[in-house]
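J.:
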Amino acid sequence: MRVRDIIDKIFLIEIFKGLLLTLKMLFSKSVTIQYPFERRKIHDGFRGKHALVRDPFTGDGKCIGCMRCTTVCPSRCIYIKREKTENRMVVTDYVIDASRCIFCAYCVEACPVCALVLTEDFEYSSYTRKSLIFDKEQLLKNWDEFVSKWPHDFYFNKFWQPPGIDPSRWPKTKREQKPIPIKRVIEIEKEKDE
Amino acid sequence: MDTLHIIVITILKTAIYFGILMLHVAYATYAERKVIGHIQLRLGPMVVGPHGLLQPIADVVKLIFKEDVIPIKVDRTIFKVAPLISLTAALSTFAVIPVNKNWVIADINVGLLYVIGIAGIGTYGIIFAGWSSNSKYAFLGGLRSAAQMISYEVALGLSLVGVILMAESFNLTEIVNKQSEYWYGMFLFPQIIGYFVFVVAMLAETNRLPFDLPEAETELVAGYFVEYSGIRFSLFYLAEYLAMFCMSALATICFWGGWTIPPILIKNLPFLEFVPGVVWFLLKVYFHIFLFFWLRGTLPRYRYDQLMAIGWKILIPLALVNIMITSIFKYYS
């Protein structure tokens, strides 16, 4: 054993083993994805840029101003301005400070009307902090932007429904949540069929 | 008239050498990034040009147009002169290096001594840079480099003594010619200990990994050139790569038979005779350059005391033993 060690040391066996390994790696296929030219498939449940779902009928957001998202948000980055007019709650502004957001998606899970979505868009870095504070208009625009790139007619993410809780305890809209229609035409056609 | 003729021819030769060398250095940086990248399962530069082939040119353009920051409290004269000393020293070594039969700028009799001596002058540039930067990291980097260069210069010189004994000359052309007299055509086989010592010493001499203690990012940020930026920094970079090429050429000439190939190969495969010698020379140099990158991709950096211990306790005694064995064989044959 000792003689072997001495021979190993004199002839630098370990260094040559290492060199052989790196040579083998040199001729093996590299794992790089050349990002701007080729992209990775985004997995289910990816949480990216925030967006408010635009209702294809009213053209406005679905938010009813119930304040659940604000309450549940651990980093307190959602601010809702609402007014009571004619016995109805109207959301005048909905602000998300994306620079503070931790992307836990609790707000998406808590929302009873499925108005809020964390889209799969992840390229929104910017030079100013101000542009990362999304107001209601910007959030609706985010949805439009995301939808314009989405290849299918419906958008649904199974991770929106809180896993681990008995579905009977979810809010009704959550329980009956269908894929979000993207174009108004489809929705109308469906209505006609019924 | 005749003197003028020689001067003009020499200047032309130098210009051609210089151009080819610069191209080689530029693409050595590219090759290094590619080789290290593929070793680490990355791709290396890919965007500029096909497979990133224009990357070195883009780098040069970037370095030229970058802001050249000189800190306030530096010794301005020495700070500006230091990279030039390094670069000049690295460039002048190529004056005596023959790339083919009679393809050499200056065929002098003490070529080997000249190369080793001039390569050592590069240390001045590094020490000057470290001292004049007025920063303790740069200063430590410079000091380390000086200590390392001096200790490994000894091993480098001693490892070449075996070659000198066998060739009975300091002239680099002579050394190559002498090698082709043997049937194996290389001093690599009788001088294998010398070659091993030379390769290790050459890594340390050019401040390459695993012996790049003067740069050691983790402890000294970047060593002696921390305060340099833009084109001044790139001059140091250039000097380092030129030194790499110089050492590779020296290894090729002294141990691998320069532009010749073993006579036994020519005897068996006669068509190899028609390949120009410069091709063999370049192939051997590229192999050594690749060795630099390969070792860089494999070995971790040595600790400073380990570096010194290897130099003084292993390499120098090994080189001395090699000299003794060579002398005894030389005496009895």
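Going line by line, the protein sequences match chains R and D. When the count follows the UniProt record's numbering, it moves up by one through the first sequence with no breaks and lands on 194 for the last residue. When the count follows the UniProt record's numbering, it moves up by one through the second sequence with no breaks and lands on 333 for the last residue. Note that beta-carbon positions come from the ideal geometry of N, C-alpha and C, so glycine has one too. Fair warning: this is a prediction, and the values are worked out from it, not measured in the lab.
Is the region 204-212 of chain D touching the region 239-248 of chain D in the sense that three or more CB pairs, one from each, lie closer than 8 angstroms?
T.: Cβ pair count under 8 angstroms is three or more, so yes.
J.: In the DSSP assignment, what are the bridge partners of R:M89?
T.: The partner list for R:M89 (beta bridge, DSSP) reads R:K84.
J.: To the nearest angstrom, how far is the alpha carbon of D:G157 from that of D:L172?
T.: Distance between the alpha carbons of D:G157 and D:L172: 14 angstroms.
J.: Please list, in chain order, the chain R residues whose beta carbon lies closer than 9 angstroms to that of D:V35.
T.: Within chain R, the residues near D:V35 are L26.
J.: Given that D:H288 touches chain R, what residues does it touch there, using C-beta distances under 8 angstroms?
T.: Near D:H288 there are no residues of chain R at all, since even the closest Cβ is about 14 angstroms away, more than 8 angstroms.
J.: With 16 other CB atoms within 10 Å as the buried threshold, where does R:L140 fall?
T.: R:L140 should be labelled buried.
J.: Say whether the region 264-283 of chain D touches the region 230-246 of chain D, bearing in mind that this needs 3 or more beta-carbon pairs closer than 8 angstroms, one atom from each stretch.
T.: Segments in contact, no.
J.: Nearest-angstrom Cα distance between R:C98 and R:N157?
T.: The sequence as given places Ala at residue 98 of chain R; Cys does not occur at that position. Approximately 21 angstroms, taken between the alpha carbons.
J.: So with CB distances below 9 angstroms, who are the chain D contacts of R:Q34?
T.: What R:Q34 touches in chain D: L43, M46, V47.
J.: Would you check if the distance between the CB atom of D:G230 and the CB atom of D:F170 is smaller than 8 angstroms?
T.: No; because the gap between Cβ atoms is not below 8 angstroms, this pair is not in contact.
J.: Check this for me: beta carbons of R:D93 and R:D144, under 8 angstroms apart or not?
T.: It is not a contact, given that the beta carbons lie outside the stated cut-off.
J.: How far does the alpha helix (DSSP H) with D:H24 in it reach, from first residue to last?
T.: That run of the alpha helix (DSSP H) goes 2-39.
J.: Note down the Cα distance separating D:S133 from D:A89, rounded to an integer number of angstroms.
T.: When rounded, the distance between both Cα atoms is 20 angstroms.
J.: Could you list the residues in the region 290-303 of chain D with a C-beta less than 9 angstroms from some C-beta on chain R, going in chain order?
T.: Listed by position along the chain: W294, L295, G297, T298, L299.
J.: I'd like the span of the beta strand (DSSP E) that includes R:H50, first residue to last.
T.: 50-52 is the span of the beta strand (DSSP E), which, as asked, contains R:H50.
J.: Note down the Cα distance separating R:T58 from D:V47, rounded to an integer number of angstroms.
T.: The straight-line gap from Cα to Cα measures roughly 46 angstroms.
J.: State the beta-bridge partners of R:M96 as determined by DSSP.
T.: Correcting the residue identity first, residue 96 of chain R is Ile in this sequence and not Met. BP columns for R:I96 point to R:I78, R:F134.
J.: To which residues of the same chain is D:V285 closer than 6 angstroms at the C-beta, ignoring the five residues directly before and after it?
T.: Closer than 6 angstroms at the Cβ level, and outside the excluded window around D:V285, lie S248, A249, T252.
J.: In whole angstroms, what separates the C-alpha of D:S234 from that of R:C107?
T.: Each residue's alpha carbon lies about 52 angstroms from the other.
J.: Nearest to D:V81 by CA position, among D:A119, D:A129, D:P263, is which residue?
T.: Ranking the options by Cα distance to D:V81, first place goes to D:A129.
J.: Give, in chain order, every unbroken run of the alpha helix (DSSP H) that is at least 4 residues long and sits entirely within the region 77-141 of chain D.
T.: Here the runs fully enclosed are 111-132.
J.: Going along the chain, which unbroken runs of the alpha helix (DSSP H) with 4 or more residues stay wholly within the region 160-238 of chain D?
T.: With a minimum length of 4 residues, the continuous alpha helix (DSSP H) runs that stay inside the region 160-238 of chain D are 172-179, 192-205, 217-220.
J.: Give the DSSP-derived three-state secondary structure of R:F154 in the structure shown.
T.: The answer is strand: DSSP assigns R:F154 an E or B state.
J.: D:I39 versus chain R: which residues are under 9 angstroms apart at the beta carbon?
T.: What D:I39 touches in chain R: T22, L23, M25, L26.
J.: Quick one: what does DSSP say D:G44 is sitting in, helix, strand or coil?
T.: D:G44 falls in the coil class under three-state DSSP.
J.: Does DSSP classify D:P317 as helix, strand or coil?
T.: It is helical.
J.: Rounded to a whole number of angstroms, what is the C-alpha to C-alpha distance between R:I180 and D:E227?
T.: Those two C-alpha atoms are separated by around 57 angstroms.
J.: Give the interface partners of R:I15 over in chain D, defined as CB-CB distance under 8 angstroms, in chain order.
T.: Those within 8 angstroms of R:I15 in chain D are T298, L299.
J.: Of all the CB atoms in chain D, is at least one closer than 8 angstroms to the CB of R:S168?
T.: False, the Cβ-Cβ gap to chain D never drops below 8 angstroms.
J.: Take the Cβ of R:R40 as the centre, count every other Cβ of all protein chains shown within 10 Å, and call the residue buried at 16 or more, exposed below.
T.: By the neighbour-count rule (16 or more Cβ atoms within 10 Å), R:R40 is not buried but exposed.
J.: Confirm, please, whether the CB-CB distance from D:I126 to D:S145 is below 8 angstroms.
T.: Yes; because the gap between Cβ atoms is below 8 angstroms, this pair is in contact.
J.: Taking 8 angstroms as the cut-off, does the region 149-168 of chain R touch the region 101-117 of chain R (at least 3 CB pairs, one atom from each stretch)?
T.: Result yes; three or more Cβ-Cβ pairs closer than 8 angstroms.
J.: Report all residues from its chain with a CB closer than 8 angstroms to the CB of R:P167; omit the five preceding and five following residues, and keep chain order.
T.: Result list for R:P167: Q161, R175, in chain order.
J.: Please work out which residues of its chain come closer than 7 angstroms, Cβ to Cβ, to R:D8, disregarding the five sequence neighbours upstream and downstream, and give them in chain order.
T.: Result list for R:D8: E14, in chain order.
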